[in-house]
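Everything on this sheet refers to the single structure shown next.
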Amino acid sequence: MKKTRISLAVTVTAILALSACNSGSSSDSNAKAGAQSPLPATSSSAPVTPAPESTAPPTSAAPTTGAPTSAAPSSAKPGTSKPATTATSKPPTSKPPTTKPASPKPPAAQAGLDERCLTGRAICIDKRTDRLTWVIDGQTQYSTAVRFGSAETPTREGAFSINFKSRDHVSTLYHTPMPFAMFFSGGQAVHYSADFAANGYNGASHGCVNVRDKGLVQRLFNETRVGDKVIVYRSVKK
Numbered sequence: 361m362k363k364t365r366i367s368l369a370v371t372v373t374a375i376l377a378l379s380a381c382n383s384g385s386s387s388d389s390n391a392k393a394g395a396q397s398p399l400p401a402t403s404s405s406a407p408v409t410p411a412p413e414s415t416a417p418p419t420s421a422a423p424t425t426g427a428p429t430s431a432a433p434s435s436a437k438p439g440t441s442k443p444a445t446t447a448t449s450k451p452p453t454s455k456p457p458t459t460k461p462a463s464p465k466p467p468a469a470q471a472g473l474d475e476r477c478l479t480g481r482a483i484c485i486d487k488r489t490d491r492l493t494w495v496i497d498g499q500t501q502y503s504t505a506v507r508f509g510s511a512e513t514p515t516r517e518g519a520f521s522i523n524f525k526s527r528d529h530v531s532t533l534y535h536t537p538m539p540f541a542m543f544f545s546g547g548q549a550v551h552y553s554a555d556f557a558a559n560g561y562n563g564a565s566h567g568c569v570n571v572r573d574k575g576l577v578q579r580l581f582n583e584t585r586v587g588d589k590v591i592v593y594r595s596v597k598k
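Residue numbers (our numbering): 361 to 598.
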């Protein structure tokens, strides 16, 4: 009985000690909780003044010198080239050909030639004008300057015809070259003269009709035929 009471007393004492320990720990934890609980934020009672540096814009927002050129407007001026003109916007600038149509050859009558030259094929030679004219059926083909014989060996006048042609003839009397010779009266002929080409009218022939245009007399030689008329005359000055 005595032991039972002692055990009961011990138990009661233990329970009380345990209760006191628990309440102490609770108090300590409440105290610790109170110590750890934060104070009310001051921001709720008054606005927070921003720090001075917070008023400046962030450096990342400031434009940099290395900004891409596409961000800034281009300073280049617009091109001055004009749009290409279409072919239909303007009339063509090319001029028409300036080649004139070939004028008809004047009739021999208008050239003041001897009337015997107005028909057929004729070498018409005027001693007054010193001109030889090649005429076919009354139409003049071309004309050139000629030279005649001297007073001692004059060129005969009259109506003749070509009776002989010699391309590289040499005179058997005077031993002088007579290229493209067209004989019409004895030993007299129409031919090229190198002396006439060099000295002009300062000299004279031995009776032949000298031509100084070698190209033209060669053409005449090729176009004429044996039997063509040769008219040598002196026209009247009007």
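Cβ atoms here follow ideal geometry from the backbone N, Cα and C, with glycine treated the same way.
Each of Phe-556, Lys-589, Ala-541 was checked against the Cα of Ala-549, and the nearest Cα belongs to Ala-541.
In the structure shown, Val-550 falls within a strand segment according to DSSP collapsed to helix, strand and coil. At a Cβ-Cβ threshold of 7 Å, Arg-481 and Asp-588 count as neighbours. Rounded to whole angstroms, the Cβ separation of Val-590 and Ser-521 is 6 Å, and the two are in contact under 8 Å. Taking Val-577 as the centre and dropping the five residues before and after it, the same chain places the C-beta of Phe-540, Tyr-552, Val-571 closer than 6 Å to its C-beta, in chain order. Burial state of Arg-507 is buried, judged by a 10 Å Cβ sphere holding 16 or more other Cβ atoms. Residue pairing from DSSP places His-529 in a beta bridge opposite Met-538.
Taking the Cα of Arg-579 as reference, the smallest distance to any Cα among Ile-483, Asn-523, Gly-518, Leu-473 is reached at Ile-483. Nearest C-alpha to Trp-494 among Phe-524, Val-596, Lys-598, Val-592: Val-592.
A direct Cα-to-Cα measurement between Gly-567 and Phe-524 gives close to 16 Å.
Cβ atoms of Ala-558 and Ser-510 stay farther apart than 8 Å, at about 17 Å. Residues Gly-472 of the same chain have their beta carbon placed closer than 8 Å to that of Lys-598, with the five preceding and five following residues left out of the count. Only residues of its own chain outside the window of five on either side were considered, and among them Phe-540 have a CB closer than 6 Å to the CB of Phe-581, listed in chain order. Ser-595 is positioned such that its CB atom lies closer than 7 Å to that of Arg-488. For the pair Thr-479 and Ser-545, the Cα-to-Cα distance works out to about 21 Å.
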